[in-house]
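Notes follow the structure.
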Amino acid sequence: MPSIDPQIICHCLHVNPAIKPVAQKRSNFTPEWVAIIEAEIDKLLAAGFIQEVSYAEWLANVVLVVKKDKGLWRVCVDYTDLNKACPKDNFPLPRIDQLVDSTSSNQLLSFMDAYSGYN
Numbered sequence: 570m571p572s573i574d575p576q577i578i579c580h581c582l583h584v585n586p587a588i589k590p591v592a593q594k595r596s597n598f599t600p601e602w603v604a605i606i607e608a609e610i611d612k613l614l615a616a617g618f619i620q621e622v623s624y625a626e627w628l629a630n631v632v633l634v635v636k637k638d639k640g641l642w643r644v645c646v647d648y649t650d651l652n653k654a655c656p657k658d659n660f661p662l663p664r665i666d667q668l669v670d671s672t673s674s675n676q677l678l679s680f681m682d683a684y685s686g687y688n
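FYI, our numbering numbers position 117 of the sequence shown as 686, with every residue one higher than the one before it.
Laid out in structure tokens, this is it:
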């Protein structure tokens with residue numbers, strides 16, 4: 570995204586240096602699934618949400634999940650090994666009633682790209 574400073578939109582993971590990086594074994598997909606995955610990757614590359622790296626220490630597999638309502642495929646990534654290496658947050662997540670109460674006085678509620686489910 571050319572107009573936004575990368576320091577604002579880029580996130581850095583704090584990975585425990587004592588944990589050895591894990592490279593998951595590559596999954597085999599059918600040609601139909603490969604086409605779906607490549608199309609989604611091309612879309613994310615074009616939007617600037619991801620970038621290609623050739624020195625990755627952590628490798629995670631892609632998981633295809635079918636959307637129940639439309640029958641379309643959603644491309645997800647299995648970050649279970651990476652999540653184990655990241656320290657837990659020191660703050661509790663708010664309860665749903667606290668979230669509703671804190672937004673009830675606002676005229677506009679917005680969220681960031683929940684439709685596509687980027688995470």
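The beta-carbon is built from N, C-alpha and C at its ideal position, and this holds for glycine as well. No experiment lies behind these values; they were computed from the predicted model shown.
Contact check for residue 628 and residue 592: beta-carbon distance about 4 Å, within the 8 Å limit, so the pair qualifies.
Going by C-alpha positions, residue 605 is about 42 Å away from residue 674. Membership of residue 591 in any beta strand (DSSP E) is not indicated, and neither H nor E is assigned to it by DSSP. Contact check for residue 643 against residue 634 passes: the beta carbons are separated by less than 8 Å. If you look at residue 633, you'll find it in the beta strand (DSSP E) that goes 631-635.
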